[in-house]
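In my numbering, the protein residues as written are 78 to 195.
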């Protein structure tokens, strides 16, 4: 990846389009699960989403393998797709971008209040 690709995100766009092409070949229930997985993983992404690409690739690979084996999506993921995504992103209670921003805001406010009260 060159500097221009990393600045514009064109490499991510190309990768994501490749993911979507792969997902189109999946059976309907696996495609629906793919859409849910993407939705549940986005909050764990960083500003660019670059950290999610290997996770999305692995999740899509799992869906492809299980579809090829003839397994239903319920057999693979169960009923808790959100829990599956949390585990992929770093375990239950993994910090999302909202949590990181909230903590940063709280630190900044506490620092400013400390200066005013001091």
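Backbone N, C-alpha and C define an ideal beta-carbon position, used for all residues, glycine too.
Minimum C-alpha distance to residue i - residue among the options
i           : options            : result
residue 117 : 160, 154, 142      : 160
residue 98  : 137, 186, 185      : 137
residue 152 : 100, 86, 85, 110   : 110
residue 162 : 148, 115, 183, 190 : 115
residue 104 : 150, 184, 183, 186 : 150
For residue j and residue i, believed in contact at Cβ under 8 Å, the rounded distance
i           : j           : result
residue 89  : residue 126 : 6 Å
residue 121 : residue 129 : 7 Å
Simplified DSSP state of residue i, which is helix, strand or coil
i           : result
residue 124 : coil
residue 106 : helix
residue 149 : coil
residue 160 : helix
Would you call the region 142-151 in contact with the region 87-101, where contact means no fewer than 3 C-beta pairs closer than 8 Å?
no
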